[in-house]
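Quick note, our numbering runs 31 ahead of the 1-based positions in the sequence shown.
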Amino acid sequence: MLEWFDYSLYGYLSATLAKVFFPSSDPIVSLIAAFAAFSVAFVTRPLGALFFGSLGDRLGRRDTLAIVVGLISVSTGLVGVLPGYEAIGIAAPLLLVALRMIQGFSAGGEAGGALAFLAEYAPTRRRGVVIGFFGMSAGIGALSGSGLVLAITSIFGQTAVEAWAWRLPFLIAGPIGLGAFWLRLRIEETPAFRLHLEREGAAQAPLREALRDDWRSIVKCLGVAISHGIPYYLILAYLPSYLVSTGRLSSGQALAASGLAFLGSVIVIPFAAALSDRVGRRPVAFTAALAYLVVALPLFRIVVGSTPEVVIATMASVGVLMGMYGSAPFCMMTELFPTRTRYSAMSVGYNVAMVLFGGTAPLISASLTKLTGNPSSPAYFMMGGAVLSIFAILASPETSRVPIDELGQSDEHIRRVRMALKASARVE
């Protein structure tokens, strides 16, 4: 949850950070610069994925995840004490970019490890529900970030936020992260990974094995992840900042709209995850991706051209789709890989998608709007991502109810296992 909380702080405060670190006479230009700094964290995410993924498959999930959360919390806290452009000039944005790169490097090891950890602890028939907690944590983290920023804005006012109060959320994140570091060190390693160590021992070069043996599954994982990254970061970072910078919504209204979207996703995820345990991952994931494709253009036209009340209601309704895509797709991605290389392979596929499509979504959207003059143009980027995800979902095997030690093998093997399980269930 802390990763999403930290990222959401930067996303929700992008319009303010643009003024503090990237001053310009054109607010859209400042916003583009701020989004570029937001995106640079995603450049280092694959490096973190390579490093921490390999470490997690050799050292274990628990200790690696503790290191990751420690780095995230320290780098986020340091943003809160960083001087602005007026104080130290060009050094301010450069230091901000450096801290964002550290955040990105450490965040590269979070998703793959957390998903592997949940999958390897979960009962086979309830794995979707358990993995759904990861999607919920993303929504809760973003919701917590929006709530904190909204509270500080309400208490101190926008003028004070732009002057100094923007630092408070980042400073609060530091101690929270240290608490998470302590908690992660107190949990036990996953049963599946411990069993793997007893049977085979730790992989000596898990990343190399993953790239050699699991590259097709990594490509599928990347494709599935696209339609998580684009909508998530459009709602988290681009739309709130765009609507505020263009005067369509107040800061409080934009935060409320985004917060309601994430609240909706948190509510929907457990039900969608439970549904995927019953009917399968592919039907739920396919329905959500297809819905993104269909509603993207109407969504943007409503959001950029309606009254504040309609905008808030529309963005809140998007939470339903975010919840559907925050459940089954994460199960699909995690279940594509074997325990031996799950952390490495999952980290690579997921984080490459976040770099190419998620982290760049705000920057690409702001640039498209600037170049075309059409505020609805980011919808086409979202639609293209949905098409790629649909292909990846259709190419992936159905893995619900397959035991954890059978995952990551050939599609034909997975089909045989599922047929055997169905036959056994009929006999019983």
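Note that beta-carbon positions come from the ideal geometry of N, C-alpha and C, so glycine has one too.
Note that this is a predicted model, so its numbers are computed, not measured.
Check: Is S282 closer than 8 Å to L367 when the C-beta atoms are compared?; Outcome: no
Check: Should S296 be labelled buried (16 or more other beta-carbon atoms within 10 Å of its own) or exposed?; Outcome: buried
Check: Based on Cα-Cα distance, which residue from P329, S375, I343, A316 lies nearest to M353?; Outcome: A316
Check: Which runs of the beta strand (DSSP E) spanning at least 3 residues fall entirely within the region 78 to 135, listed in chain order?; Outcome: none
Check: Assuming T365 and I171 form a contact by the criterion Cβ under 8 Å, report the distance between their Cβ atoms to the nearest whole angstrom.; Outcome: The Cβ separation is near 19 Å, so there is no contact.
Check: What's the C-alpha gap between F164 and P301?; Outcome: 8 Å
Check: What do you get for S455, buried or exposed, if any count of 16 or more other CB atoms within 10 angstroms of its CB means buried?; Outcome: exposed
Check: Apart from the five residues on each side of it in sequence, which residues of its chain come closer than 7 Å, Cβ to Cβ, to P54?; Outcome: S61, Y116
Check: Of the choices S358, T75, V448, M346, whose alpha-carbon is the least far from that of V299?; Outcome: S358
Check: Do Q134 and S106 have their C-beta atoms closer together than 8 Å?; Outcome: yes
Check: Could you give the distance in angstroms between the alpha-carbon of A14 and the alpha-carbon of M363?; Outcome: In the structure displayed, the chain extends from 32 to 459; residue 14 sits before or after that span and is not available.
Check: Rounding to the nearest angstrom, what Cα-Cα distance links F412 and F388 in this structure?; Outcome: 9 Å
Check: Among A451, P369, L419, which has the Cα closest to the Cα of S441?; Outcome: P369
Check: What did DSSP end up calling T155 once you bin it into helix, strand or coil?; Outcome: helix
Check: Quick one: using the 10 Å Cβ neighbour count with 16 as the cut-off for buried, is V110 buried or exposed?; Outcome: buried
Check: By the DSSP assignment, the alpha helix (DSSP H) with L280 in it spans what residues?; Outcome: From DSSP, L280 is part of no alpha helix (DSSP H); its letter is neither H nor E.
Check: Check whether the Cβ atoms of V100 and F83 sit closer than 8 Å, and answer yes or no.; Outcome: no
Check: Assuming A397 contacts I59 under a Cβ cut-off of 8 Å, what Cβ separation, rounded to an integer in Å, is found between them?; Outcome: 7 Å
Check: Using the three-state DSSP reduction, which class does N405 fall into: helix, strand or coil?; Outcome: coil
Check: Using a Cβ distance threshold of 8 Å, determine whether the region 374 to 392 contacts the region 231 to 245, with at least three qualifying pairs required.; Outcome: yes
Check: Return the CA-CA distance between S307 and L86, expressed in angstroms with no decimal places.; Outcome: 31 Å
Check: When burial is assigned at 16 or more other CB atoms within 10 Å of the CB, is E151 buried or exposed?; Outcome: buried
Check: Note down, in chain order, each residue of its chain lying with its Cβ closer than 7 Å to the Cβ of G91, except the 5 sequence neighbours on either side.; Outcome: E220, F224
Check: Whole angstroms is fine: what's the gap from L452's alpha carbon to I445's?; Outcome: 11 Å
Check: Using the Cα positions of R309 and G390, report the straight-line distance between them to the nearest angstrom.; Outcome: 33 Å
Check: Report the CB separation of Y41 from L48 in whole angstroms; it is logged as a contact under 8 Å.; Outcome: 7 Å
Check: According to DSSP, simplified to helix, strand and coil, what is W197?; Outcome: coil
Check: Closest Cβ-Cβ distance between L102 and chain E: below 8 Å?; Outcome: Going by chain labels, chain E is absent from the structure shown, which holds only one protein chain.
Check: Where does G260 land, buried or exposed, given buried means 16+ other C-beta within 10 angstroms?; Outcome: buried
Check: Determine the direct distance from the alpha carbon of C252 to that of D436, and round the result to whole angstroms.; Outcome: 19 Å
Check: Between V160 and A123, what straight-line distance do the alpha-carbon atoms span, to the nearest angstrom?; Outcome: 43 Å
Check: Assign E231 to one of three DSSP states: helix, strand, or coil.; Outcome: coil
Check: Please report the distance separating the alpha-carbon of G210 from that of F187.; Outcome: 27 Å
Check: Using CA coordinates, which residue listed in S70, I119, R215 is at the minimum distance from D94?; Outcome: R215
Check: Which of the three DSSP states is assigned to V433 in this structure?; Outcome: coil
Check: Could you compute how far the alpha carbon of P406 sits from the alpha carbon of R332?; Outcome: 8 Å
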